[in-house]
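Taking numbering that gives the first Met the number 0, the leading residue of the sequence shown gets 0, the next gets one more, and so forth.
The block underneath contains the structure these notes are about, expressed in structure tokens.
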Amino acid sequence: MNKAYFLNEGKLFFSDQIRSVKSCNKKEKIKDFITDAESSASQGHHVLGFLSYEASLAFDEKHQIIQNNKLPMAMAMTFDSIEELDHIPEAKEVLNKVSIKPLINKAEYCDSIEKALDYIKNGDTYQINYTFRCELELKNSPEQFFLHLIKNHPVPYASYIETDDYQIISLSPELFLSRRANTLTTKPMKGTSKRSGRWKQDEKRRQDLSKCPKGKAENIMIVDLMRNDLSRICQTVTTKDLFEVTRYPSLHQMTGTVQGKLSPDLSLFNILDATYPPGSITGAPKIRAMEIIKDLESSPRGIYTGSIFHLNPNGDFDFNVCIRTIECHQNQTLLGIGSGIVADSGSGPEWDECLLKSSFLNFPPPPSEVFTTLLWSRDNSFNYLERHLIRLEQSCQWLLRDFDKKQCQRELNELEQKLINSSSQFSKVRIAINFDGLHTINHHDIQNPVWKDLSIGIYKGDKINSKDPYIYHKTDRREIYTKAYQYAQDNNYDEVILLNKKGHVCEGSISTLMIMDQEGQKIVPKLKSGLLPSIIRQVLLDSGEAIEKVLTLKDLHQAKNIFMGNSVRNWGQVKKIDY
Numbered sequence: 000m001n002k003a004y005f006l007n008e009g010k011l012f013f014s015d016q017i018r019s020v021k022s023c024n025k026k027e028k029i030k031d032f033i034t035d036a037e038s039s040a041s042q043g044h045h046v047l048g049f050l051s052y053e054a055s056l057a058f059d060e061k062h063q064i065i066q067n068n069k070l071p072m073a074m075a076m077t078f079d080s081i082e083e084l085d086h087i088p089e090a091k092e093v094l095n096k097v098s099i100k101p102l103i104n105k106a107e108y109c110d111s112i113e114k115a116l117d118y119i120k121n122g123d124t125y126q127i128n129y130t131f132r133c134e135l136e137l138k139n140s141p142e143q144f145f146l147h148l149i150k151n152h153p154v155p156y157a158s159y160i161e162t163d164d165y166q167i168i169s170l171s172p173e174l175f176l177s178r179r180a181n182t183l184t185t186k187p188m189k190g191t192s193k194r195s196g197r198w199k200q201d202e203k204r205r206q207d208l209s210k211c212p213k214g215k216a217e218n219i220m221i222v223d224l225m226r227n228d229l230s231r232i233c234q235t236v237t238t239k240d241l242f243e244v245t246r247y248p249s250l251h252q253m254t255g256t257v258q259g260k261l262s263p264d265l266s267l268f269n270i271l272d273a274t275y276p277p278g279s280i281t282g283a284p285k286i287r288a289m290e291i292i293k294d295l296e297s298s299p300r301g302i303y304t305g306s307i308f309h310l311n312p313n314g315d316f317d318f319n320v321c322i323r324t325i326e327c328h329q330n331q332t333l334l335g336i337g338s339g340i341v342a343d344s345g346s347g348p349e350w351d352e353c354l355l356k357s358s359f360l361n362f363p364p365p366p367s368e369v370f371t372t373l374l375w376s377r378d379n380s381f382n383y384l385e386r387h388l389i390r391l392e393q394s395c396q397w398l399l400r401d402f403d404k405k406q407c408q409r410e411l412n413e414l415e416q417k418l419i420n421s422s423s424q425f426s427k428v429r430i431a432i433n434f435d436g437l438h439t440i441n442h443h444d445i446q447n448p449v450w451k452d453l454s455i456g457i458y459k460g461d462k463i464n465s466k467d468p469y470i471y472h473k474t475d476r477r478e479i480y481t482k483a484y485q486y487a488q489d490n491n492y493d494e495v496i497l498l499n500k501k502g503h504v505c506e507g508s509i510s511t512l513m514i515m516d517q518e519g520q521k522i523v524p525k526l527k528s529g530l531l532p533s534i535i536r537q538v539l540l541d542s543g544e545a546i547e548k549v550l551t552l553k554d555l556h557q558a559k560n561i562f563m564g565n566s567v568r569n570w571g572q573v574k575k576i577d578y
């Protein structure tokens, strides 16, 4: 069945009302193919299709390629109608893990990178975008897998194309070309860094990437290449937002933006003739880079590093760069990955970067909500309110979702007036932000919440995985904490202490932990052990009253005092602990 989904300016569209599906398998026919697609759009139809990397040959005979037989060079679907979806459809299949098998081993990869570096050192090129293919084992249908991916790993230029012969899943974050009226925009992407679950470290990595000499060098080379390409067809060309770093669920990416004012008489083929293939996936200079790519790579790229396009009836269009893109055939599913090689690249780090780029395939589903709980008391208002709102805001930024902090503050002010006018002495307040960035505020009255003389135990169940990024944010993904809390109740404990997989002390099921050593020094566990950045924990650190340290059960045994607490109960002293 022919069908398609595509994102356009943040909106998801779907259609299975296909007027026609046309494919092109010969370079000599590409011009007619593009002209026909443009004509269909001008007649009031939306057109969605793709150009493979191998379609490059149609625009310049000097473009070197490895012949591809699995996909046509180009394809276009013309729709009778399209539907704007107000939400991502719920997938009907449970998401299964994808197995990834690179069709090249690390030694072969490193050998190719060394050859690429030799070309660069000899002055043949400034940069080579070297890629390889991976074979995937999908245990979901391609359409269902796509629906899971765009919810779990949102990107701006995603699309899904299904025909009787193949399916294409594109989770592309990169814009190749966008036309709005007479303005042509390209946003080449070069420079990658890994994300961290801890907010401060994650933000540091994002900022460090924007200053990284290697990343900036890659970025400048490709921006210059695309600026040169646009200058061939635009009356004026400008650059902006160089070294801009965008946060995605699994990584950070650096981009630069190039814009030009188009001459009004240019056809779509004229525009592609000057710019295709995207410079970010070849290297610079483009023609020599493509010759080297043909020499170094062992298989055709197909849809990978090609482009999926959407032509709007009003003349506007969008072309993505097909990275993070899967090509599904009856007997094989392929993913291409690669990176830009420059003079100071190292084969080991480049291999790691490539594998990082495939991590979107198995990225864990995001939580339904991020939340915080705090105490309101008649004597002290909301306990550490600004700190709670800042932590919520940071978690929402980390999770790539909206949060209207000012509106939340206004609603809390209204709630406080109601509480003041009631008979409440203490109230537990919960603020939650859902997947769409909408917040809710709930509260209920409680008795004096202070914890005293605590009896606790060591949780004997699952250990905390400190590499799980969601551990560092207060979300509804709390399975291990829910089990630990139940364990405490079943064993008549006030609380339990969870350990990580290394045996380090982390936190309680609903509280943070602090010890006092024999010299009277207050110590809290290191955040990197795998714990929530608790508000009352941070208050101690900011005041200099406590220090951070990796803690073990031995430290608990030797401690003068042990305390556990949270923003509702404050600190309570442990009087009994079962190991």
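C-beta atoms are modelled at their ideal positions from N, C-alpha and C, and glycine is treated no differently.
- Annotation: the stretch 235-313 contains the following complete segments of the beta strand (DSSP E) (minimum length 3 residues), in chain order: 250-261 and 306-310.
- The C-alpha of Leu540 is placed about 59 Å away from the C-alpha of Asn1.
- Between Asn379 and Leu373, the C-beta spacing is not below 8 Å.
- With contacts defined by Cβ atoms closer than 8 Å, Gly436 and Arg400 form a contacting pair.
- In the structure shown, Trp350 adopts helical secondary structure according to DSSP, grouped into three states.
- Every alpha helix (DSSP H) of 4 residues or more that sits fully in the stretch 26-69 is shown, in chain order, as 29-41.
- Within the model, the alpha-carbon separation for Asn569 versus Ile509 is close to 12 Å.
- The beta carbons of Met72 and Val46 sit about 16 Å from each other, so the pair does not count as a contact at 8 Å.
- The count of Cβ pairs closer than 8 Å, one atom from the stretch 552-559 and one from the stretch 528-535, stays below three, leaving the stretches out of contact.
- Assigned with DSSP and collapsed to three states, Val222 falls in helix.
- Per DSSP, the beta bridge partners of Ile127 are Gly282 and Ile340.
- Here Trp570 carries a strand assignment [DSSP, helix/strand/coil].
- Residue pairing from DSSP leaves Leu384 without any beta-bridge partner.
- For the pair Pro284 and Leu224, the Cα-to-Cα distance works out to about 7 Å.
- The shortest C-alpha to C-alpha distance from Arg386 to any of Pro532, Asp15, Lys482 and Leu418 is the one to Pro532.
- Here DSSP, grouped into helix, strand and coil, assigns Ile81 to coil.
- Listed in chain order, the non-local C-beta contacts of Val244 below 6 Å within the same chain comprise Arg205, Leu208, Ser209, His251 and Met253, local neighbours out to five positions each way being set aside.
- Check the Cα spacing between Ser55 and each of Thr281, Ser266 and Val538: the tightest is with Thr281.
- Residue range Tyr156 to Glu161 is occupied by the beta strand (DSSP E) that includes Ala157, with no alpha helix (DSSP H) assigned at that position.
- Residue state for Ile322 is assigned as coil, using DSSP reduced to three classes.
- Beta bridge pairing from DSSP links Gln166 with Glu161 and Cys327.
- Tyr484 is the residue among Ile29, Asn330, Leu137 and Tyr484 whose C-alpha sits nearest the C-alpha of Glu506.
- A residue is called buried when at least 16 other Cβ atoms come within 10 angstroms of its Cβ; Ile419 does not meet this threshold and is exposed.
- DSSP places Phe562 inside the beta strand (DSSP E), whose first and last residues are Asn560 to Asn565.
- In the structure shown, Asp444 falls within a strand segment according to DSSP collapsed to helix, strand and coil.
- Following the DSSP letters along the chain, one finds Arg536 inside the alpha helix (DSSP H) bounded by residues Ile534 to Ser542.
- In the DSSP assignment, Leu373 falls within the beta strand (DSSP E) that extends over Glu368 to Ser376.
- For the 8 Å CB-CB criterion, Leu453 and Asp493 form a contact.
- Assigned with DSSP and collapsed to three states, Tyr458 falls in coil, not helix or strand.
- Across the set Ile160, Arg197, Thr124 and Val97, the C-alpha of Arg197 shows the shortest separation from the C-alpha of Ser465.
- Rounded to the nearest whole angstrom, the C-alpha separation of Leu265 and Leu229 is 12 Å.
- Distance between Lys28 and Asp475, taken at the CA atoms: about 54 Å.
- In this structure, Leu512 sits away from Tyr458, with a CB-CB distance that is not shorter than 8 Å.
- Beta-bridge partners of Lys451 (DSSP): none assigned.
- Contact between the stretch 411-431 and the stretch 442-456 is present: three or more C-beta pairs spanning the two stretches fall below 8 Å.
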